[in-house]
Amino acid sequence: MNTHLAGIFPRTGGLEARRSTTLTLTLAFLALLAVAGIVAGIHSLVVGHEHTFGVSRGVPWGILIATYVFFVVISTGLCIVSSIGHVFGFKEFMPIAKRAVFLSIVNISAGFLVIAFEIESSWRMVVGNVVGANLTSNIWWMGTLYGFYLVLMVVEFVMLQRGRHGLASACGLAVLLTGIAANSNLGAVFGLLNGQWFWQGPYMPIYFVTSAATSGAVAIIFYTVLAYKVNGWQMSEAMKQSLHSIAKLAVLMLAIIVFFTFWRTVAGVTGSAPGRHEALLSLLNGPYRFNFWAGEVLLGLVLPLALLLVTRGRNVNVLFVATIIAMVGMFFMRYDLVILGQLVPPYHGMGLVDYPEFYTYSPTLHEQLVVVGGAAFCGLFFLLGERFFRGHLVDSH
Amino acid sequence: MRIWLEMSIFAMALLLQPLSHAADKGGNQAGEPYDEDTYGPQAPTVWVKPVKSVIFEHRVHTMDAGLDCGSCHDDLFEMSSGAAAEKDDFTMAAIYKGKYCGSCHDGSTVYNANTRCTTCHIGVRGHQRLERAQAEKGRAK
Amino acid sequence: MNDKDVQRREALGTDRRQEISLLERRALLKLGFAITGVFLGGSVLSLVSERRADAAGAPAIGGYPYNPHYTMVIRERHCIDCELCKEACVKTNGVPAYGYRTTILEKRRALEEGKFETTFMPVLCNHCNKPPCVRVCPTTATWKDKTTGIVGIYRPSLCIGCKTCMTACPYNARYFNEERRTIDKCDFCFASRLSKGEKTTACAAACPADVRVFGNLADPGDRVYRLLHAPETMIWVLRPETGAVPNVFYVNT
Chain A
0 MNTHLAGIFP RTGGLEARRS TTLTLTLAFL ALLAVAGIVA GIHSLVVGHE HTFGVSRGVP
60 WGILIATYVF FVVISTGLCI VSSIGHVFGF KEFMPIAKRA VFLSIVNISA GFLVIAFEIE
120 SSWRMVVGNV VGANLTSNIW WMGTLYGFYL VLMVVEFVML QRGRHGLASA CGLAVLLTGI
180 AANSNLGAVF GLLNGQWFWQ GPYMPIYFVT SAATSGAVAI IFYTVLAYKV NGWQMSEAMK
240 QSLHSIAKLA VLMLAIIVFF TFWRTVAGVT GSAPGRHEAL LSLLNGPYRF NFWAGEVLLG
300 LVLPLALLLV TRGRNVNVLF VATIIAMVGM FFMRYDLVIL GQLVPPYHGM GLVDYPEFYT
360 YSPTLHEQLV VVGGAAFCGL FFLLGERFFR GHLVDSH
Chain B
0 MRIWLEMSIF AMALLLQPLS HAADKGGNQA GEPYDEDTYG PQAPTVWVKP VKSVIFEHRV
60 HTMDAGLDCG SCHDDLFEMS SGAAAEKDDF TMAAIYKGKY CGSCHDGSTV YNANTRCTTC
120 HIGVRGHQRL ERAQAEKGRA K
Chain C
0 MNDKDVQRRE ALGTDRRQEI SLLERRALLK LGFAITGVFL GGSVLSLVSE RRADAAGAPA
60 IGGYPYNPHY TMVIRERHCI DCELCKEACV KTNGVPAYGY RTTILEKRRA LEEGKFETTF
120 MPVLCNHCNK PPCVRVCPTT ATWKDKTTGI VGIYRPSLCI GCKTCMTACP YNARYFNEER
180 RTIDKCDFCF ASRLSKGEKT TACAAACPAD VRVFGNLADP GDRVYRLLHA PETMIWVLRP
240 ETGAVPNVFY VNT
């Protein structure tokens, strides 16, 4: 057993993580937040969402689904950027490959952690997904594929750690395909719901995969720079060059998302599938206009794009700021997508009295704790990963 | 120029104020205030038996339709809120036969009670709305 | 219907509107709907809100895939919102205070002189022929019964509570029952009544105004069949544009 582990955890080489009381306290604090989130989540399962969550009959999916989407889209994205290097052999993407694979595992685990509390009887999934497998259900495909994805991802990571590069990249290809299939099924969960016109449409799975690539590029820059800053490491030229290349990818992907957002908005405003129109208006000029203009457009797209373009993606500090901002913006995108899709009531526009023309939803403390817990879990394992895997250095072969 | 316009609009609003007030008191559109001695109780009668909830408003019948008290009291109805609901035959069947409201709502005097159900039947929802409005009025006072 | 059709129809004048153009007939047949006496072309549409106007949904003789093909016909204009149906449903099926299997909505239509007309609109699960909720269930906890066509949660122990069916339902007919830890919804009282030999649902039995008529659409002798195939009847369904093919019909008789 010990020898097996020894193969995975490098004893020497790589980068030595800083050991300071601040860092230890940070780790403890993150662990505490994660535990608080888990306790809040378990409490909500025991007592029931009716009494603890802001979700309702009209808006059954709340901030936890949005957070789940946020995390798994990042995970899929990290898998995509890692595979560019170690599956398809682009040298410039090599230096971040191991970190990306590891964080991909961490992010999807955080996603699973969060959604386990949104699914009210999630423990039944273990049996239910096998006994009751419904091949027409996108949720089934998404869950099952992401399950395989996680397992394969761990195998891939172990192979990478043990230097079995051939096996690792074969595994990487399998993970990539599973991840993209899972991710596009997640898009289809939304896109294939007739009657929920804000979501409905075949572009949804494509949008999800595009978002994944964007998130992955942004997230790996963010995490890498953060790791180096926290531990006071010196960045090698190869790593700088790598980040520069990923920044270029990020710019391209962000531009595509701009394009998508623009045309979705125009199509929603001019055409008028009932429901899509109202939801979009609430985004542009209604209760969600702050989320949209400040969150999605400014933080998610305009500022990061501007920062990356102005510095041509070479200044590491600017890269860091740009990617933090973009990550926050992306959270707004996921939140608005999930919540707004449900806010137009099914019988709106029929001249009903004492019937909401628009549902409302706001997360409760329980939900917020779980979200923060998920993020803390992510941060905790990110820091631990840097320490135990010594900066995820990739040996040049 | 603009300020004059705004001021005149404001002045007009002030002038119209008493009118809207009258409507609030339950008067008709012409601004005549509702007088309970002439027209009967202002508060609507709402029955919840045998079914929830049916509304009767004196205003519609006396002030608006010009009926006098004698056309209903005391042949058809007693002058006591809820009395009719105690009777076993306070049902649509009896109304269709010309009793109670049916003596006028028969399709020849005024519209038939077997049409436009929701004019009388405000239902649970209408009743709740009425109570909410009354509670709000009470709080405002 | 394209612009030309509209123009031609307008040229025909109101009294001939009941005739359905060949074009439309063909379009509808393509959709799988035969034209029946109950279908009154444009006038059917006038009762649904304009933006939901859609002819799909009128039942076609011979087109009932189930037997008994359980159906509810709602004689909407008779509804007085006494809510005895809701009370009966709650009592019969143990529905908690925070949920409902059926409820009553209230429509308002403007009349002249600032007056308005109220219509109460009972809603419940439409037991769709193409139920979107069933497709999305990851664990097959819910399905549409092969003989009765009733959409139910037949294996509640498999319901994981992902609530996708709630977001998928075009009618908001589902809710999560905390006590039973499963999605709950109208099953046309199959578990509580029909399976025990009763012939109708609790809500239909409780209705004093004969608004809810429950029966077997596949049986020409059944009242729902007769109601839906009587001449000069306007029939409409809710949200036909979702393509769910619902089995709760609203009529103006």
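Chains as they are written, first to last, in numbering that gives the first Met the number 0: chain A, 0 to 396; chain B, 0 to 140; chain C, 0 to 252. We treat Cβ as the ideally placed atom computed from N, Cα and C, and that holds for glycine. Computed from a prediction, not measured in an experiment: that's the story for all the values here.
Compare the beta carbon distance of residue 140 of chain A and residue 182 of chain A with 8 Å and say whether it is the shorter of the two.
-> Contact: no.
Span separating the alpha-carbon of residue 187 of chain A from that of residue 138 of chain A = Here the C-alpha atom of residue 187 of chain A lies approximately 9 Å from the C-alpha atom of residue 138 of chain A.
Residues of chain A with a CB under 8 Å from the CB of residue 165 of chain C: which are they?
-> Within 8 Å Cβ-Cβ: 56 and 59.
Beta-carbon contacts of residue 139 of chain C that lie in its chain and below 8 Å, excluding the five residues immediately before and after | The answer, listed in chain order, is 154 and 157.
Quickly, what does DSSP pair residue 96 of chain A with across the bridge? List them, please.
-> In DSSP, residue 96 of chain A forms no bridge with anything.
Comparing the C-beta of residue 175 of chain C with each C-beta of chain A, is any distance below 8 Å?
-> At least one chain A Cβ lies under 8 Å of residue 175 of chain C.
In chain A, which residues lie with their C-beta within 8 Å of the C-beta of residue 241 of chain C?
-> Residues of chain A whose Cβ lies closer than 8 Å to the Cβ of residue 241 of chain C are, in chain order, 193 and 194.
Partner residues on chain C for residue 124 of chain B, Cβ-Cβ distance less than 8 Å = Here the neighbours are 80, 103, 105 and 119.
Flag residue 126 of chain C as yes if its beta-carbon sits less than 8 Å from any beta-carbon of chain B, otherwise no.
-> Against chain B, the CB of residue 126 of chain C has no partner CB under 8 Å away; the residue lies outside that interface.
Using a Cβ-Cβ cut-off of 8 Å, state whether residue 110 of chain C counts as contacting chain A.
-> With a threshold of 8 Å between beta carbons, residue 110 of chain C makes no contact with chain A.
Per DSSP, what kind of secondary structure is residue 222 of chain A in: helix, strand or coil?
-> If DSSP states are grouped into helix, strand and coil, residue 222 of chain A belongs with the helices.
Anything in the stretch 106 to 120 of chain B with a Cβ closer than 9 Å to a Cβ of chain C? List those residues in chain order, please.
-> Those residues of the stretch 106 to 120 of chain B that come within reach of chain C (Cβ to Cβ, closer than 9 Å) are 114, 115, 116, 117, 118, 119 and 120.
In chain C, what lies closer than 8 Å to residue 50 of chain B by C-beta?
-> Going along chain C in sequence order, the residues near residue 50 of chain B (Cβ under 8 Å) are 79, 81, 83 and 207.
Tell me the start and end of each unbroken alpha helix (DSSP H) in the stretch 302 to 361 of chain A that is at least 4 residues and wholly inside, in chain order.
-> Inside the stretch 302 to 361 of chain A, DSSP marks whole alpha helix (DSSP H) runs of 4 or more residues at positions 302 to 309 and 315 to 342, from first to last along the chain.
Straight-line Cα distance separating residue 116 of chain C from residue 110 of chain C | One C-alpha to the other measures close to 7 Å.
Identify the residues that DSSP records as bridge partners of residue 276 of chain A: which are they?
-> Partner(s): none; residue 276 of chain A has no beta bridge.
At what residue ranges does the stretch 135 to 198 of chain C contain a whole run of the alpha helix (DSSP H), taking only runs of 4 or more?
-> You should have 163 to 167.
Just grab the DSSP bridge partners of residue 261 of chain C for me.
-> Residue 261 of chain C lies beyond the stretch modelled for chain C, which goes from 0 to 252, so this question has no answer here.
Excluding the five sequence neighbours on either side, which residues of its own chain have a C-beta within less than 8 Å of the C-beta of residue 82 of chain B, listed in chain order?
-> Cβ within range, chain order: 76.
Minimum length 3: unbroken beta strand (DSSP E) runs contained in the stretch 28 to 58 of chain B = Within the stretch 28 to 58 of chain B, the complete beta strand (DSSP E) runs of at least 3 residues are 44 to 46 and 53 to 55.
Given residue 231 of chain A as reference, the closest of A:386, A:393 and A:59 once Cα atoms are compared | Sorting A:386, A:393 and A:59 by C-alpha distance to the C-alpha of residue 231 of chain A places A:386 at the top.
Whose Cβ in chain A lies nearer than 8 Å to the Cβ of residue 154 of chain C?
-> The contact set of residue 154 of chain C on chain A, defined by CB atoms closer than 8 Å, consists of 131 in chain order.
Starting from residue 47 of chain A, find everything on chain C with Cβ-Cβ shorter than 8 Å and list it in chain order.
-> Simply 177.
Report the residues of the stretch 331 to 358 of chain A with a CB closer than 9 Å to any CB of chain C, ordered along the chain.
-> Using a CB distance below 9 Å, the part of the stretch 331 to 358 of chain A facing chain C consists of 340, 341, 344, 345, 346, 348, 349, 350, 351, 352, 353 and 354, ordered along the chain.
Within 10 angstroms of the Cβ of residue 108 of chain C, are there 16 or more other Cβ atoms? Answer buried if so, exposed if not.
-> Exposed.
Rounded distance between the beta-carbons of residue 118 of chain A and residue 159 of chain C, thought under 8 Å | With a Cβ gap of about 5 Å, residue 159 of chain C and residue 118 of chain A count as contacting.
Can the beta-carbon of residue 196 of chain A be found less than 8 Å from the beta-carbon of residue 162 of chain C?
-> Contact check for residue 196 of chain A against residue 162 of chain C fails: the beta carbons are separated by 8 Å or more.
Just how far apart, CA to CA, sit residue 248 of chain C and residue 62 of chain B?
-> Roughly 42 Å separates the two Cα atoms.
Output, in chain order, the set of chain A residues within a Cβ distance shorter than 7 Å of residue 162 of chain C.
-> Those within 7 Å of residue 162 of chain C in chain A are 59 and 60.
Beta strand (DSSP E) segment containing residue 214 of chain C, residue limits | Here the beta strand (DSSP E) through residue 214 of chain C covers 211 to 215.
For residue 26 of chain A, I'd like the list of residues in its chain whose CB is within less than 8 Å of its CB, leaving aside the five on either flank, ordered along the chain.
-> Excluding sequence neighbours, residue 26 of chain A sits near 379, 382 and 383.
Spatial distance of residue 76 of chain A from residue 79 of chain C (CA atoms) | Using only the alpha carbons, I get a separation of about 56 Å.
Can you tell me where the beta strand (DSSP E) with residue 71 of chain C in it begins and where it stops?
-> Element bounds for residue 71 of chain C: 69 to 74.
Those residues which DSSP pairs with residue 249 of chain C across a bridge = In the DSSP output, where bridge partners are listed per residue, residue 249 of chain C has C:73 and C:235.
Out of A:72, A:309 and A:167, state which residue places its alpha-carbon closest to the alpha-carbon of residue 109 of chain A.
-> It is A:72 whose Cα lies nearest to the Cα of residue 109 of chain A.
Going by beta carbon distance, what residues of the same chain come within less than 8 Å of residue 78 of chain B, once the five residues before and after it are set aside?
-> The beta carbon of residue 78 of chain B lies closer than 8 Å to those of 72 in the same chain, with the five residues before and after it left out.
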